[in-house]
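Numbering-wise, this note's numbering puts 135 at position 125 of the sequence shown, and it's gapless, one number per residue. Just so it is clear, CB atoms sit at the ideal spot from N, CA and C, and this is done for glycine as well. As structure tokens, the structure follows; a few thoughts come after it.
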Amino acid sequence: EPGAALPAASGPPARTQPPGSSPPDLRKRQTKDFEFGGILGEGSYSTVIYAKETSTGREFAVKMLDKHQIVREKKVKYVNVEKDVLHLVVHPFVVKLFYTFQDTHSLYFVLELAKNGDLLSHLRRYGRFSVPTARFYTAEICSAVEFMHSKGVIHRDLKPENILLDDRFHIKITDFGTAKILPRAAPGSQAAADGGEAAAPEYTHKRRASFVGTAEYCSPELLNDREASHASDVWAIGCIIYQMLVGRPPFKATNEYQTFQLIIRRVFQIPDAVDADARALIDRIMALDPAERPSIEEIKAQAFLAGTAWDSLERQKPPNIS
Ligand code: ADE
Numbered sequence: 011e012p013g014a015a016l017p018a019a020s021g022p023p024a025r026t027q028p029p030g031s032s033p034p035d036l037r038k039r040q041t042k043d044f045e046f047g048g049i050l051g052e053g054s055y056s057t058v059i060y061a062k063e064t065s066t067g068r069e070f071a072v073k074m075l076d077k078h079q080i081v082r083e084k085k086v087k088y089v090n091v092e093k094d095v096l097h098l099v100v101h102p103f104v105v106k107l108f109y110t111f112q113d114t115h116s117l118y119f120v121l122e123l124a125k126n127g128d129l130l131s132h133l134r135r136y137g138r139f140s141v142p143t144a145r146f147y148t149a150e151i152c153s154a155v156e157f158m159h160s161k162g163v164i165h166r167d168l169k170p171e172n173i174l175l176d177d178r179f180h181i182k183i184t185d186f187g188t189a190k191i192l193p194r195a196a197p198g199s200q201a202a203a204d205g206g207e208a209a210a211p212e213y214t215h216k217r218r219a220s221f222v223g224t225a226e227y228c229s230p231e232l233l234n235d236r237e238a239s240h241a242s243d244v245w246a247i248g249c250i251i252y253q254m255l256v257g258r259p260p261f262k263a264t265n266e267y268q269t270f271q272l273i274i275r276r277v278f279q280i281p282d283a284v285d286a287d288a289r290a291l292i293d294r295i296m297a298l299d300p301a302e303r304p305s306i307e308e309i310k311a312q313a314f315l316a317g318t319a320w321d322s323l324e325r326q327k328p329p330n331i332s
């Protein structure tokens, strides 16, 4: 919407804090509060830069967005969605948003720094993960996405590049710029049964058609009816599990069109060497019909993840990635 407001420069939301900790510092930050370092990542509409807060020495990843480009290319809504989602999905396995501010030309999102880069770089470096490592990261991804889904958020672009690793090698999911927030439905209502879709006037055909995630992780329903639901995130998780164990995504051709052909025909093979429980899980997740796909809750109960201590993931030592 051309008239829509940019993320407000004022009014940080109330934050809760653990008992006994010092009160959060709610002062509005400015670029001069930070010493900026190298580029951590670049997207179509943003650059993520390493930054250290001068007064405290705290390290952050600062996402910078060009205001004119965002308005020109009509991405204001997505910037607002990203900020709203980050405030909604506060979880140990999701990148935290500490502060936002703006100056004449840019918007700044001060994010939690994930020191060990993204899952894709590690997969490229080591080829593929051992079964225990793949199992552990599958569990952390499921834990984060289950929480997201419980808050009515669909990520829509889950892929190894958007799964970062912190200093302890635990995951931090990032990049909610293309996420969707489902309207809050009363429990037991028809809208709730429909996943909230029916009651959402803003999701017109035109709107729905505007976004398709990264080709390799794109679900068949997104290609057929351009409709994303929780099940589309589940499909992407299936692709990521496959990639962690095999070293490449299940659907990959020479170009996007050919990749989409493989997806809608469900043309993929799981190498014989892949763990039998993982194979069974991937096969179940990769159902063409989103209604047949397991929910995250159901995935958590599958044999591949059966031994997971779900409540202590955050405190466990991740198996080696190499
Ligand atoms: N690249 C993109 N976002 C990042 C973050 N929060 N931490 C480290 N690298 C990143």
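Alpha helix (DSSP H) runs wholly inside the segment 137-188, at least 4 long, in chain order
141-160
N-terminal and C-terminal residue of the beta strand (DSSP E) that Y88 is part of:
What you label residue 88 is simply residue 78 of the sequence shown in a count that begins at 1. Counting along the chain, Y88 falls outside any beta strand (DSSP E), though it belongs to the alpha helix (DSSP H) covering 86-98.
In the DSSP assignment, what residue or residues form a beta bridge with K190?
Along the sequence shown, one-based indexing puts residue 190 at 180. The partner list for K190 (beta bridge, DSSP) reads I164.
Using a Cβ distance threshold of 8 Å, determine whether the segment 160-168 contacts the segment 235-247, with at least three qualifying pairs required.
The segment 160-168 vs the segment 235-247: in contact.
Are the beta-carbon atoms belonging to R303 and A297 less than 8 Å from one another?
The residue given as residue 303 occupies position 293 in the sequence shown. The residue given as residue 297 occupies position 287 in the sequence shown. Closer than 8 Å, so yes.
Touch test, the segment 118-127 against the segment 301-317, Cβ-Cβ under 8 Å, three pairs minimum
no
Cβ separation of H180 and E324, assumed to be a contact under 8 Å, to the nearest whole Å
One-based indexing of the sequence shown puts residue 180 at position 170. One-based indexing of the sequence shown puts residue 324 at position 314. Right, their Cβ atoms sit about 7 Å apart.
Every unbroken alpha helix (DSSP H) within the segment 247-297, with a cutoff of 4 residues, ordered by chain:
266-274, 286-295
Taking 8 Å as the threshold (C-beta atoms), are T41 and I49 in contact?
Within the sequence shown, numbered from 1, the residue matching residue 49 stands at position 39. Within the sequence shown, numbered from 1, the residue matching residue 41 stands at position 31. No, Cβ-Cβ distance for I49 and T41 is not below 8 Å.
Rounded to the nearest angstrom, what separates A263 and Y227 at their Cα positions?
Translated into the one-based positions of the sequence shown, residue 263 becomes position 253. Translated into the one-based positions of the sequence shown, residue 227 becomes position 217. Roughly 12 Å between the two C-alpha positions.
For Y88, which residues from the same chain have a beta carbon less than 6 Å from its beta carbon, with the 5 sequence-adjacent residues on both sides left out?
By one-based count along the sequence shown, residue 88 stands at place 78. Leaving aside the five residues that flank Y88 on each side, the residues in its chain whose CB is nearer than 6 Å to its CB run, in chain order, G187.
Beta-carbon spacing of A241, V91 below 8 Å:
Position 231 of the sequence shown, counted from the start, is the residue given in the question as residue 241. Position 81 of the sequence shown, counted from the start, is the residue given in the question as residue 91. Cβ atoms of A241 and V91: not closer than 8 Å.
Quick check on G223: buried or exposed, where buried means 16 or more other Cβ atoms within 10 Å of its Cβ?
Residue 223 sits at position 213 when you count from the first residue of the sequence shown. The residue in question, G223, is buried, as its Cβ has 16 or more Cβ neighbours within 10 Å.
Rounded separation between E63 and E308 - CA only
To locate residue 63, count along the sequence shown from 1; it is residue 53. To locate residue 308, count along the sequence shown from 1; it is residue 298. Straight-line Cα distance between these residues: approximately 43 Å.
Anyone know if the C-beta pair for V105 and A154 falls short of 8 Å?
Within the sequence shown, residue 105 is the residue found at index 95, counting from 1. Within the sequence shown, residue 154 is the residue found at index 144, counting from 1. For V105 and A154, no; Cβs fall outside 8 Å.
Where does A61 land, buried or exposed, given buried means 16+ other C-beta within 10 angstroms?
The sequence position of residue 61 within the sequence shown is 51, counting from 1. Label assigned to A61: buried.
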